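Residue numbers (our numbering), protein chains in the order written: chain A, 986 to 1161; chain B, 986 to 1161.
Glycine included, each C-beta is placed from N, C-alpha and C at the ideal position.
Being a predicted model, the structure only gives us computed values, none of them experimental.
Data block below; observations after.
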């Protein structure tokens, strides 16, 4: 399960690794109105993710490593949303993994500098979807999930019970 | 109840407004080891704050508004910790308020640029403690709590059931 912790829209995407490819099980966004109190928005996000995790029972939760840009106000709520997402996973015994934007783009597009549209197209292609997934946040969440899936896929071919290892994916593992 | 969302040590402080002054009810830090998985640290912080909120039943939770500095890595966990703190409050129906560091220093020391030691000394004095509270994070959390208490104090003198209003305290209100 991948999560893209946006401010007004938090994206989620669930993929399953099936042999040498992946399929999409779910994807969408959790919307919270900007005029709602921050703690209420976080509560709604936590509740929605808790339900999704309980429903899908993912092996792992993957989330984009946050880099704070110029917009401090949105960075704060993004960090807070990421916190409650990780909490929802931890409360259900689901291990969490973070990936840099570069590692995610490298896993999905083969290039760390790929643009948003390219990521969206490749996510659709890799998951065998009839068209690129939308909205953006759901596509980004599926991309994080693919990134983690690609990282554990080689291990899953080696034994029946692969143990994902934490850390940031390297270009070498993702290319392998 | 005030919260200072530090990375390894999250400070908390509980004060009660009694007429024209405030008293400290509780204060301390929630420590989480740096080598623990982030989601486990967040889970421990959430659990500890949930217990404290259930125990003290605070009227409000006040937290410092986050400004991300140079250390992006620690900014991320601080944002995430702040997220689970707000969630713990929201889940128990406790309203949350944020204050800028300047507003907090202004409320406690009468100067927005006061240094850490000065804040610590004034927190001890305002709460009638025999010595300045420590560690730093607990003192900072008590300072946020005092800041919020100072803001609602004038209103509480006007009626039996004051309704705290969200937003950032102004110097005028704090000085009043």
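Rounded separation between residue 1162 of chain A and residue 994 of chain A - CA only: The structure shown does not extend to residue 1162 of chain A, since chain A is modelled only from 986 to 1161, so the question has no answer here.
DSSP bridge partner residues for residue 1006 of chain A (one or two, in chain order): A:1003
Own chain residues within Cβ distance below 8 Å of residue 1118 of chain B, not counting five before or after: 998, 1009, 1012, 1105, 1108, 1109, 1112, 1124, 1127
Residue 1018 of chain B burial status per 10 Å Cβ neighbour count (16 or more: buried): exposed
In DSSP terms, what residue 1012 of chain A is bridged to: A:998
Strand pairing of residue 1083 of chain A, partner residues [DSSP]: A:1048
Under 8 Å by beta carbon: chain A residues contacting residue 1230 of chain B: Past the boundaries of the shown model lies residue 1230 of chain B; chain B is included only from 986 to 1161, so the question cannot be answered.
Within chain A, partners of residue 1031 of chain B - CB distance below 7 Å: 1072
Rounded straight-line distance, which links the Cα of residue 1027 of chain B to that of residue 1093 of chain B: 29 Å
Simplified DSSP state of residue 987 of chain A, which is helix, strand or coil: strand
Proximity of residue 1097 of chain A and residue 1068 of chain B at Cβ, strictly below 9 Å: no
Chain B contact for residue 1161 of chain A (CB, 9 Å cutoff): Annotation note: pLDDT 29 at residue 1161 of chain A (below 50); position unreliable, no value reported.
6 Å Cβ shell around residue 1062 of chain B - same chain, five flanking residues per side excluded: 992
Which of helix, strand or coil DSSP assigns to residue 1121 of chain A: helix
Closer than 9 Å to chain D by CB, residue 1034 of chain A: Included in the structure are the protein chains A and B, with no chain D among them.
Contact between the stretch 1036-1052 of chain B and the stretch 1070-1082 of chain B (3+ Cβ pairs under 8 Å): yes
Integer Cβ distance of residue 1122 of chain A from residue 989 of chain A, believed to fall under 8 Å: 5 Å
Start and end residues, alpha helix (DSSP H) containing residue 1032 of chain B: 1023-1041
Contacts of residue 1076 of chain A in chain B (Cβ-Cβ under 7 Å): 1028
Contact belief for residue 1131 of chain A with residue 1081 of chain A at Cβ below 8 Å, rounded distance in angstroms: With a Cβ gap of about 16 Å, residue 1131 of chain A and residue 1081 of chain A do not count as contacting.
First through last residue of the alpha helix (DSSP H) which encompasses residue 1111 of chain B: 1101-1111
Short Cβ contact (9 Å threshold) for residue 1178 of chain B with residue 1129 of chain B: With chain B covering 986 to 1161 only, the question about residue 1178 of chain B has no answer from this structure.
Any chain B beta carbon closer than 9 Å to residue 994 of chain A: no
Proximity below 9 Å, CB of residue 1024 of chain A to CB of residue 1046 of chain B: yes
Cβ-based neighbour list, residue 1041 of chain B, same chain, cut-off 7 Å, excluding 5 preceding and 5 following: 986, 999, 1010, 1011
Residue 1133 of chain A, buried or exposed, once every other Cβ within 10 Å from all chains shown has been counted against 16: buried
C-beta contact flag for residue 1065 of chain A and residue 1065 of chain B at 9 Å: yes
Where residue 1069 of chain A meets chain B, residues with beta-carbon distance less than 7 Å: 1068, 1069, 1072
CA-to-CA distance, residue 1086 of chain A to residue 1060 of chain A, given in whole angstroms: 15 Å
Residue 996 of chain A and residue 1120 of chain A closer than 9 Å at C-beta: yes
DSSP state of residue 1077 of chain B mapped onto helix, strand, coil: coil
Span separating the alpha-carbon of residue 1140 of chain A from that of residue 1002 of chain A: Summary for residue 1140 of chain A: the model assigns pLDDT 48, below 50, so the residue's position carries little reliability; its value from the coordinates is reported in the next sentence. So the two alpha carbons sit approximately 11 Å from each other.
Below-9 Å beta-carbon distance, residue 1047 of chain B vs any chain A residue: no
Own chain residues within Cβ distance below 7 Å of residue 1101 of chain B, not counting five before or after: 1121
Three-state secondary structure assigned by DSSP to residue 1127 of chain B: helix
Interface residues of chain B facing residue 1064 of chain A [CB-CB closer than 8 Å]: 1051, 1060, 1061, 1063, 1064, 1065, 1067, 1068
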